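Numbering (my numbering), first residue to last: 471 to 705.
We put the CB at the ideal spot given by N, CA and C, even for glycine.
From a predicted model like this one, the values you see are computed outputs, not experimental measurements.
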């Protein structure tokens, strides 16, 4: 009788544990396994972004079996504690590193934030997501179309942002910051030994102001379109 009772208890416990396991849906188990991510890259700075020592940027690149993504946290210091103000998530390629850069893109003397976000069609193009620091709000403004402007830089001659597109030819693009986007207002294209200079109004209407032969080369970046001036710095 004693052995029969022990067998009954062991059998009951085993069935109970099995039932608990079966109560967890298989899709939840699979999702848990899928969501296990490893930190592949990490960047933290509180000395160079926005107002030094008052704001902090933290970027982590995660890798899991199905994808690679980036998480960005932006903090503000309050009573010696870092408080989270913003959080961003973006999918990313699994090949290139983030190569975070902090520099001023809007001439307010405060550093903004960019990182390499995807692989460009051509290796000479560096595609980045741009975040501008808004001093009044103490937040980052994500420039939604920044990836359309490869090889970004601040243009001090025109107080704008310019970009450099490389394909069969090249195109220097000049753009103004318009809220959370970049608005192109002029470009200089070199293609098939010709130069084309266009201006673009706020409604998107394009006007060609020059189109003629140009034999100085095609891989040239410009710092002004009228008058035309080549960029002498390394690019």
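For residue i, three-class secondary structure by DSSP
{"i": "residue 712", "result": "Given a span of 471 to 705 for the chain in the structure shown, any question on residue 712 remains unanswerable."}
{"i": "residue 523", "result": "coil"}
{"i": "residue 676", "result": "strand"}
{"i": "residue 654", "result": "strand"}
{"i": "residue 623", "result": "strand"}
{"i": "residue 692", "result": "strand"}
{"i": "residue 687", "result": "coil"}
{"i": "residue 610", "result": "strand"}
{"i": "residue 580", "result": "coil"}
{"i": "residue 570", "result": "coil"}
{"i": "residue 603", "result": "strand"}
Residue of the options minimising C-alpha distance to residue i
{"i": "residue 549", "options": "567, 543, 525 and 566", "result": "525"}
{"i": "residue 619", "options": "630, 598 and 610", "result": "598"}
{"i": "residue 588", "options": "535, 573 and 540", "result": "540"}
{"i": "residue 641", "options": "654, 601, 527 and 647", "result": "654"}
{"i": "residue 571", "options": "591, 602, 625 and 555", "result": "602"}
{"i": "residue 569", "options": "610, 629 and 621", "result": "621"}
{"i": "residue 529", "options": "662, 585, 552 and 518", "result": "585"}
{"i": "residue 679", "options": "686, 558 and 665", "result": "665"}
{"i": "residue 615", "options": "512, 703 and 652", "result": "652"}
{"i": "residue 506", "options": "534, 513, 663 and 682", "result": "534"}
{"i": "residue 698", "options": "628, 704, 567 and 674", "result": "628"}
{"i": "residue 518", "options": "705, 511, 617 and 574", "result": "574"}
{"i": "residue 512", "options": "701, 583 and 567", "result": "567"}
{"i": "residue 662", "options": "704, 686 and 583", "result": "686"}
Beta-carbon proximity list for residue i, same chain, < 7 Å, skipping 5 on both sides
{"i": "residue 695", "result": "644, 656, 658 and 667"}
{"i": "residue 594", "result": "636"}
{"i": "residue 611", "result": "601, 602, 604 and 650"}
{"i": "residue 553", "result": "545 and 546"}
Rounded distance between the beta-carbons of residue j and residue i, thought under 8 Å
{"i": "residue 415", "j": "residue 532", "result": "No information on residue 415 is available, as it lies outside the stretch 471 to 705 that the chain covers here."}
{"i": "residue 537", "j": "residue 561", "result": "6 Å"}
{"i": "residue 563", "j": "residue 613", "result": "Rounded, the Cβ-Cβ distance is 19 Å, inconsistent with contact."}
{"i": "residue 637", "j": "residue 660", "result": "Not really, about 11 Å apart at Cβ, beyond 8 Å."}
{"i": "residue 639", "j": "residue 688", "result": "5 Å"}
{"i": "residue 557", "j": "residue 543", "result": "6 Å"}
Close-in-space but distant-in-sequence residues of the same chain around residue i (CB under 8 Å, 5 per side omitted)
{"i": "residue 605", "result": "520, 521, 578 and 580"}
{"i": "residue 625", "result": "631, 632, 644 and 693"}
{"i": "residue 677", "result": "668, 669, 670 and 671"}
{"i": "residue 590", "result": "596, 597 and 620"}
{"i": "residue 592", "result": "636 and 637"}
{"i": "residue 646", "result": "630, 631, 652, 653 and 655"}
{"i": "residue 617", "result": "587, 588, 597, 598 and 599"}
Residue i - partner residues in DSSP beta bridges
{"i": "residue 588", "result": "597"}
{"i": "residue 643", "result": "633 and 657"}
{"i": "residue 541", "result": "530 and 559"}
{"i": "residue 704", "result": "Bridge partners of residue 704: none, in fact."}
{"i": "residue 665", "result": "660 and 682"}
{"i": "residue 515", "result": "527"}
{"i": "residue 648", "result": "651"}
{"i": "residue 551", "result": "548"}
{"i": "residue 699", "result": "694"}
{"i": "residue 509", "result": "532"}
Any non-hydrogen atom of the ligand FMN closer than 8 Å to residue i Cβ
{"i": "residue 546", "result": "No copy of the ligand FMN occurs in the structure displayed, which carries no ligand at all."}
Minimum Cβ-Cβ distance from residue i to chain C less than 9 Å
{"i": "residue 684", "result": "In summary, chain C is missing from the structure at hand, where a single protein chain is found."}
Contacts around residue i, its chain only, beta-carbon distance under 6 Å, and the 5 residues preceding and following it disregarded
{"i": "residue 514", "result": "528"}
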